[in-house]
Structure formats: structure tokens, C-alpha cells
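Undergrad: First the structure, then my questions, so here it is.
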Amino acid sequence: MSVELVLESVGFAYPGGHRAVDGVGMRLGAGVVGLLGPNGAGKSSLMRVLATLARASSGRVTWRGEDIARRPDALRAELGYLPQDFGVYDALSAREFLAFLAAVKGLPARRVGGRVDECLAMVGLSDAAERRLGGFSGGMRQRVGIAQALLNDPRLLIVDEPTVGLDPEERARFRHLLAELAADRLVILSTHIVSDIEASAGELAVLVGGRLRFHGTPEALMAEAAGRVWSWTVPSEKLADVRAAHRISRAQRRSDGVELRVVGERAPSTDAMPAQPDLEDAYLWRLHRAQLAA
-7 MSVELVLESV GFAYPGGHRA VDGVGMRLGA GVVGLLGPNG AGKSSLMRVL
43 ATLARASSGR VTWRGEDIAR RPDALRAELG YLPQDFGVYD ALSAREFLAF
93 LAAVKGLPAR RVGGRVDECL AMVGLSDAAE RRLGGFSGGM RQRVGIAQAL
143 LNDPRLLIVD EPTVGLDPEE RARFRHLLAE LAADRLVILS THIVSDIEAS
193 AGELAVLVGG RLRFHGTPEA LMAEAAGRVW SWTVPSEKLA DVRAAHRISR
243 AQRRSDGVEL RVVGERAPST DAMPAQPDLE DAYLWRLHRA QLAA
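Position 115 of the sequence shown, counted from 1, bears residue number 107 in this note's numbering, the numbering being contiguous throughout.
This is the structure:
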């Protein structure tokens, strides 16, 4: 059976009544799905439900047709998960740490050594395999986290804010790796950084205030913002006032002032020119619409 994850009106509430996820419904197949949303949108709570670390308060989730609340082990056997707060044992080497986690995940002993080496190679840490994790940089630790999520060759890979601490080269490597992995599996990448997913995700879901505000292709999201993006150059001394009055997706200083990308229903000025929306513009426009609907 091909990979398929189905969310049916999924909700999650914390003790005390705060509803972090509210009525989320999606049907997901193989490929990279970018879960976008501002901090506090409910992304991590939803990821924990999908990883069977928390139980949905309402609705249900099925994996290959099986309810994951009733049969969590069926999903766990095919799951790789990198949480936002991943930690390591500083006294162990990268190889020792991954071998330990491979045993915890139930990999046969005869496969552990080879699979650990494969995962270290995938994240570019083969040369650092024998170094103690206590001497690793934040970016290197994050790559170890990605490696551990791949140990059991998962069909469902969930990664929550995975590029924290990675430099631009490491982030590019990670995006390339995701694209390779997604050929025959489902990869869910949760982030608030649009550039993390624009090169790799074929499908987007935007979560705001715990509710699903968009689900579709990047092209469809950008089409929503058509006619609502403007290029406008303003004097540097007016930048603060302009930021207070308009939604700015990007600003670039030039010799004649600051070139802005402004998102809005109307041109911010008579000298502002229409611009083709990119994904950052479209995401900002969607957030604005969600705030209006709240």
C-alpha cells in the first residue's frame, strides 16, 4: 500500500482548555509537505499528535488506513521524528550515540553498523563519526538529530524546525536531502521560515491559531496574492514609519533609499509598482487574511 496519512477534523487541547489545534483535516501522500505558521500556531502540537506522542482530543488520524490512536505501533515502525528540542549525550561519539538509538528503535544488531554509517554519510558527518558530541557545534548536533530520524528508513518522516542552528551551506544540504528522501515517502517539515520549504515542498499547509488556513501547492498560494504585491523605494529615514503602516515582506537598502516588497489590497503609494508574488509575499498575505478572519 502506498503511503497515506489522513487527518480528519483533528483537534488537540491542553489541560486547562487551551485548544492548540482545532479541526485540522488533510489527506497527504508521498512528497514533501511544508507546514508553515508563526510561532505559537500549533505546529509542534500537531506534530506530536502525528508522531503518537500526544493523543488527539477530537477527530482522528489514520496511517495506511489504520487509526494511529488505536494502533500506534503500526505507525511507529515506519516513523522518523526530529523534535524541536532534540538532545544528545555529550560523552558519546556520533557513531556510539546513533548505534544506541538504533538499538532502541529495534534495528537488528547485524544492520546497526552499516545503517549508522549510511545515515552519517547522508548528513555529511562521516569524518566526525568518532568525535564526542560534547564538542559538536549546534549545527552539527542538528545533523545528528536528522541522522537519528533516518535510522529505521522511515516511510513517514516528521521534522520540527530542523534548520535551527544550521549555516546556509548546511541548510542547502538539508533541503537537498529532503528532496531525495521524498521520492517514496511522506516528509512533513514544520517551520516558520519560508525559505526552508520553498525549494523542496510540493505541498503547503498554513496553520494559524491552531486552524488550517491553506492547504495546496505553492503555486496556488502565490496565485492568491496576485495583484496584492508592490515594489516601492522609500527614503531610509521613512522606513520606520512605513513599516508601522504597511505589511513588508522584504527590504533591501540601495543607494537611493530602501527597496520594499509591500503586501496589501492597494498600492501603498502612487510611485509603487506591481510585483509578481513570491512565496514569502503569498505567505504574508495569507497570514493577514487569517488575522482578519479571526
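We put the beta carbon where it would ideally sit given N, CA and C, even for glycine.
Thinking C-alpha only, which one of L143, G256 and T183 is nearest F89?
TA: In the sequence shown, the residue the question calls residue 89 occupies position 97. Among L143, G256 and T183, the Cα nearest to that of F89 is on L143.
Undergrad: So, for A46: in the same chain, excluding its five sequence neighbours on each side, which residues have a beta-carbon less than 6 Å away from its beta-carbon?
TA: Sequence index remark: in the sequence shown, residue 46 carries index 54 (1-based). The residues are R40.
Undergrad: Alpha carbon to alpha carbon, how far is A121 from S85?
TA: The residue given as residue 121 occupies position 129 in the sequence shown. The residue given as residue 85 occupies position 93 in the sequence shown. Approximately 7 Å, taken between the alpha carbons.
Undergrad: So which of T209, S129 and V108 has the shortest CA-CA distance to D82?
TA: Position 90 of the sequence shown, counted from the first residue, corresponds to residue 82. With distances taken between Cα atoms, D82 lies closest to S129.
Undergrad: Note the first and the last residue of the continuous beta strand (DSSP E) segment covering G17.
TA: Translated into positions along the sequence shown, residue 17 becomes position 25. Note, G17: beta strand (DSSP E), R11 to L20.
Undergrad: Return yes when the Cβ of G3 is within less than 8 Å of the Cβ of G15, no when it is not.
TA: Taking the first residue of the sequence shown as position 1, residue 15 is located at position 23. Taking the first residue of the sequence shown as position 1, residue 3 is located at position 11. Cβ atoms of G15 and G3: closer than 8 Å.
Undergrad: Tell me which residues share the same chain as R242 and place their Cβ nearer than 6 Å to its Cβ, disregarding the 5 neighbours each side in the sequence.
TA: Mapped onto the sequence shown, residue 242 falls at position 250. So the list reads R253, once near-sequence residues are dropped.
Undergrad: State the Cα-Cα distance for the pair W55 and G34, rounded to the nearest angstrom.
TA: For the purposes of this step, residue 55 is taken as the residue at position 63 of the sequence shown. For the purposes of this step, residue 34 is taken as the residue at position 42 of the sequence shown. Cα-Cα distance, rounded: 21 Å.
Undergrad: Beta strand (DSSP E) containing G0: first to last residue?
TA: The residue you call residue 0 lines up with position 8 of the sequence shown. For clarity, residue 0 is Glu in the given sequence; the question names Gly instead. Counting along the chain, the beta strand (DSSP E) containing E0 begins and ends at L(-3) to A5.
Undergrad: On a Cα-Cα basis, can you pick out the residue from L93, A69 and A66 that is closest to G79?
TA: Walking along the sequence shown from the start, residue 79 turns up at place 87. Among L93, A69 and A66, the Cα nearest to that of G79 is on L93.
Undergrad: Taking only the alpha-carbon atoms, compute the straight-line gap between I189 and V104 and give it to the nearest angstrom.
TA: If you number the sequence shown from 1, residue 189 lands on position 197. If you number the sequence shown from 1, residue 104 lands on position 112. Between I189 and V104, the C-alpha separation is close to 31 Å.
Undergrad: Looking at V255 and S225, is the spacing between their C-beta atoms short of 8 Å?
TA: Locating residue 225 in the sequence shown gives position 233, where the first residue counts as 1. Locating residue 255 in the sequence shown gives position 263, where the first residue counts as 1. For clarity, residue 225 is Thr in the given sequence; the question names Ser instead. No, these two residues do not count as a Cβ contact at 8 Å.
Undergrad: Does the beta-carbon distance from L27 to L199 come in below 8 Å?
TA: Start at 1 with the first residue of the sequence shown, and residue 27 comes out as number 35. Start at 1 with the first residue of the sequence shown, and residue 199 comes out as number 207. Taking 8 Å as the Cβ cut-off, L27 and L199 qualify as a contacting pair.
Undergrad: Per DSSP, E122 is paired with what?
TA: In the sequence shown, counting from the first residue as 1, residue 122 sits at position 130. The partner list for E122 (beta bridge, DSSP) is empty, contrary to what the question assumes.
Undergrad: Is DSSP giving Y81 helix, strand or coil here?
TA: As a first step, residue 81 is located in the sequence shown; it is residue number 89 there, counting from the start. Correct three-state label for Y81: coil.
Undergrad: Flag this pair as yes or no: are the beta carbons of L158 and G23 separated by less than 8 Å?
TA: Indexing the sequence shown from 1 puts residue 158 at position 166. Indexing the sequence shown from 1 puts residue 23 at position 31. Cβ distance not < 8 Å, so L158 and G23 don't count as in contact.
Undergrad: According to DSSP, is L28 helix, strand or coil?
TA: Counting from 1 along the sequence shown, the entry for residue 28 is found at position 36. L28 falls in the strand class under three-state DSSP.
Undergrad: Tell me whether the region 191 to 198 and the region 230 to 237 touch, counting them as touching only if at least three CB pairs, one residue from each stretch, are closer than 8 Å.
TA: The region 191 to 198 is not in contact with the region 230 to 237.
Undergrad: Can you give me the Cβ contacts of S118 inside the same chain, cut-off strictly under 6 Å, excluding the 5 residues immediately before and after it?
TA: Taking the sequence shown and counting its residues from 1, one reaches residue 118 at position 126. Excluding positions up to five away in sequence, the list reads L112.
Undergrad: Roughly how far, in whole angstroms, is the beta-carbon of V13 from the beta-carbon of S37, given that I think they are within contact range, below 8 Å?
TA: Looking up residue 13 in the sequence shown gives position 21. Looking up residue 37 in the sequence shown gives position 45. So it is a contact: roughly 5 Å between Cβ atoms.
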